[in-house]
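Chemist: In terms of numbering that gives the first Met the number 0, the sequence shown has 15 at position 16, counting the first letter as 1, and numbering is strictly consecutive.
Using N, Cα and C, we set each Cβ at its ideal position, and we do this for glycine too.
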Amino acid sequence: MTIKLIAIDMDETFLRTDKTYDVSRFKRVLTALLERDIIVCIASGNSFHKLEAYFDQEDRDRLYFAGDNGNYIVRNQKLLHALAIEPATMLSIENFLDEFDGFHPNVSIGEKTYFRETSGTELEVVKRYNDNIEIINHFSEIPSAEQAVKIAIHSEKALHENKTMARIIIERYDDVTSVTSGDGWLDVYHRDGGKGASIRYLQDKYNISSDETMAFGDSLNDSSMMHEALYSVSMGNADPDLVADTHYQIGNNNDQAVLDILEQLLANDSMAFMKKFRRDKR
């Protein structure tokens, strides 16, 4: 089986915990993959303006970016696809979250992130994940011409509490879905969106099947794209609920296990080498 599309999550998957990766090694791997006409997509909960900062101009021009959990797809600085949350829903979710302590929402429009806190620990957290932040008092101040492609909520709660909140949001709002992400985040986006939808977009655009698709991830926001890839791969450090949605499991992010697998992919004439990573060992 030939792989034609590879989707890679960033935080705790491709990136080490310190937010770095082996740049020269990745460049070699990316060049070799593209020489085989394999599409490489960075599929992340991070916004595009943050994702592109991890790569130099050469690599930005060679990658697809499916930012904001796949709801903002960019190639060569050109927006290909965006799926927005209804403004009324966004404001209702903002007001709902404000009824609880410990939840800190921001809104991404792809090129910019809006946040309401002017100082403190949470602002520093948001800055780690966003390079273009505008402070406002209320999300109603977001210009009507700008589309909210994701509400990202940093939580002070435990993972199981965040999963509960995600379920509540799904039950409360018919037009969005919600998933937990890494590092204490919850993401809310259009019910028809998500990383899986972005993978289907690329599959349809290039006539690629799920059997020709490989995806790497660690959190539940990666779950939808795992359903679009025969070679669905969870990290050794992944959320157990995400692991259950994947066919394969590899090493951890700090050991750059994704690059290990991609190098093995390039070194082998078939996908038989993946058998040793099969979760059910069939």
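Can you give the Cα-Cα distance for residue 131 and residue 46, rounded to whole angstroms?
Modeler: Locating residue 131 in the sequence shown gives position 132, where the first residue counts as 1. Locating residue 46 in the sequence shown gives position 47, where the first residue counts as 1. Distance between the alpha carbons of residue 131 and residue 46 is about 9 Å.
Chemist: If you count every other CB in all the chains shown that lies within 10 Å of the CB of residue 77, and 16 or more means buried, which is it?
Modeler: Numbered from its first residue, the sequence shown carries residue 77 at position 78. By the 10 Å Cβ count, residue 77 comes out exposed.
Chemist: Given the structure, does residue 231 come close to the ligand HEM, in the sense that its CB is under 8 Å from one of the ligand's heavy atoms?
Modeler: Ligands displayed in this structure: none; no statement on the ligand HEM is therefore possible.
Chemist: Please return the same chain residues whose Cβ sits closer than 8 Å to the Cβ of residue 255, not counting the five positions on each side in sequence.
Modeler: By 1-based counting over the sequence shown, the position of residue 255 is 256. If we look at residue 255 and ignore the five residues flanking it on each side, its Cβ neighbours are 15, 20, 21 and 24.
Chemist: Do you know offhand how far residue 80's Cα is from residue 67's?
Modeler: For this step, residue 80 is matched to residue 81 along the sequence shown. For this step, residue 67 is matched to residue 68 along the sequence shown. If you take the alpha carbons of residue 80 and residue 67, they lie about 12 Å apart.
Chemist: When the Cα of residue 239 is compared with those of 218, 89 and 104, which residue comes out closest?
Modeler: By one-based count along the sequence shown, residue 239 stands at place 240. That would be 218, whose Cα lies nearest to the Cα of residue 239.
Chemist: Nearest to residue 261 by CA position, among 10, 17, 18 and 38, is which residue?
Modeler: Within the sequence shown, numbered from 1, the residue matching residue 261 stands at position 262. It is 38 whose Cα lies nearest to the Cα of residue 261.
Chemist: Please classify residue 159: is it buried, with 16 or more other beta-carbons within 10 angstroms of its beta-carbon, or exposed?
Modeler: Here residue 159 refers to the residue found at position 160 of the sequence shown. Residue 159 is exposed by the Cβ-count criterion.
Chemist: If I measure Cβ to Cβ from residue 165 and keep anything under 7 Å in the same chain, skipping five residues before and after, which residues do I get?
Modeler: Mapped onto the sequence shown, residue 165 falls at position 166. Cβ within range, chain order: 177, 178, 179 and 185.
Chemist: Can you tell me the Cβ-Cβ gap for residue 150 and residue 89, rounded? I've got them flagged as a contact below 8 Å.
Modeler: As a first step, residue 150 is located in the sequence shown; it is residue number 151 there, counting from the start. As a first step, residue 89 is located in the sequence shown; it is residue number 90 there, counting from the start. Going by Cβ atoms, the distance from residue 150 to residue 89 rounds to 6 Å, so yes, they are a contact pair.
Chemist: Are residue 116 and residue 103 close, meaning C-beta to C-beta below 9 Å?
Modeler: Working through the sequence shown from its first residue, we reach residue 116 at position 117. Working through the sequence shown from its first residue, we reach residue 103 at position 104. A contact, by the Cβ cut-off of 9 Å.
Chemist: Considering only their Cβ atoms, is the gap separating residue 220 from residue 193 smaller than 9 Å?
Modeler: Numbered from 1 along the sequence shown, position 194 holds the residue referred to as residue 193. Numbered from 1 along the sequence shown, position 221 holds the residue referred to as residue 220. Their beta carbons are under 9 Å apart, which means residue 193 touches residue 220 by this criterion.
Chemist: Between the C-alpha atoms of residue 264 and residue 272, what's the straight-line distance to the nearest angstrom?
Modeler: In the sequence shown, residue 264 corresponds to position 265, counting from 1. In the sequence shown, residue 272 corresponds to position 273, counting from 1. Cα-Cα distance, rounded: 8 Å.
Chemist: When you compare only the Cα positions, how much space is there between residue 168 and residue 96?
Modeler: Counting from one through the sequence shown, the residue named residue 168 turns up at place 169. Counting from one through the sequence shown, the residue named residue 96 turns up at place 97. Going by the C-alpha atoms only, they are around 10 Å apart.
Chemist: Nearest-angstrom Cα distance between residue 91 and residue 33?
Modeler: Looking up residue 91 in the sequence shown gives position 92. Looking up residue 33 in the sequence shown gives position 34. Cα to Cα, residue 91 sits roughly 44 Å from residue 33.
Chemist: In whole angstroms, what separates the C-alpha of residue 100 from that of residue 44?
Modeler: As a first step, residue 100 is located in the sequence shown; it is residue number 101 there, counting from the start. As a first step, residue 44 is located in the sequence shown; it is residue number 45 there, counting from the start. In a straight line, the C-alpha of residue 100 is about 23 Å away from that of residue 44.
Chemist: At the level of alpha carbons, what is the spacing between residue 18 and residue 54?
Modeler: Along the sequence shown, read from residue 1 onward, the residue named residue 18 stands at position 19. Along the sequence shown, read from residue 1 onward, the residue named residue 54 stands at position 55. Whole-angstrom Cα-Cα distance: 12 Å.
Chemist: Could you tell me which residues DSSP pairs with residue 217 in its beta bridges?
Modeler: Walking along the sequence shown from the start, residue 217 turns up at place 218. Per DSSP, none; premise fails for residue 217.
Chemist: Could you give the first and the last residue of the continuous alpha helix (DSSP H) run that contains residue 279?
Modeler: Residue numbering aside, residue 279 sits at position 280 when the sequence shown is read from its first letter. First-last for residue 279: undefined, no H or E at that position.
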